[in-house]
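**Q** Numbering (my numbering), first residue to last: 4 to 100.
Beta carbons are placed, not taken as given, at the ideal position from N, Cα and C, and that holds for glycine.
For clarity, every value in this text was computed on a predicted model and none was experimentally measured.
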């Protein structure tokens with residue numbers, strides 16, 4: 004039986020290139036699942052005030068949750084061998100702050 008997960012839809016839009024150009028516009032939308040309620044995680048990370056601003060906290064929380072879920076699903080993939088040892092330590096440290 005497969006574990007149930009929360010379902011999300013994420014839209015990423017390129018608003019402006021580094022050179023100031025705004026075209027061609029690019030947008031990507033993806034559906035994905037995650038065992039955590041990501042909005043709650045974002046609020047917890049923001050409340051910890053680990054970063055200079057809320058935008059960085061949101062970026063961190065989203066990146067961590069997206070990456071972490073894939074790592075968890077593919078934990079036996081040799082790509083993650085080294086991370087499987089340190090990621091739980093990192094997560095415990097983050098949760099303790």
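For residue 40, which of helix, strand or coil comes out of DSSP?
**A** Residue 40: coil per DSSP, three-state reduction.
**Q** For the region 78-89 against the region 49-61, are there 3 or more C-beta pairs whose distance is under 8 Å?
**A** Contact between the region 78-89 and the region 49-61 is absent, because fewer than three Cβ pairs lie under 8 Å.
**Q** Let me check understanding here. Comparing Cα to Cα, which of 88, 13, 75 lies closest to residue 33?
**A** Per the Cα distances, 13.
**Q** When the Cα atoms are used, what is the spatial distance from residue 63 to residue 25?
**A** So the alpha carbons of these two residues sit roughly 25 Å apart.
**Q** Would residue 40 and residue 87 qualify as a contact pair, given that the criterion is a beta-carbon distance under 8 Å?
**A** No.
**Q** For residue 16, which of helix, strand or coil comes out of DSSP?
**A** Strand at residue 16.
**Q** Here's a check: name, in chain order, each residue in its chain whose Cβ is nearer than 6 Å to the Cβ of residue 15, leaving out the five neighbours to either side.
**A** If we look at residue 15 and ignore the five residues flanking it on each side, its Cβ neighbours are 31.
**Q** Answer with buried or exposed for residue 21, where buried requires no fewer than 16 other C-beta atoms within 10 angstroms of its C-beta.
**A** With fewer than 16 Cβ atoms within 10 Å of its Cβ, residue 21 is classed as exposed.
**Q** Mapping the DSSP letters down to three states, classify residue 9 as helix, strand or coil.
**A** It is a strand residue.
**Q** With distance defined between alpha-carbon atoms, name the residue in 50, 90, 75 nearest to residue 37.
**A** The residue with the shortest Cα to Cα distance from residue 37 is 75.
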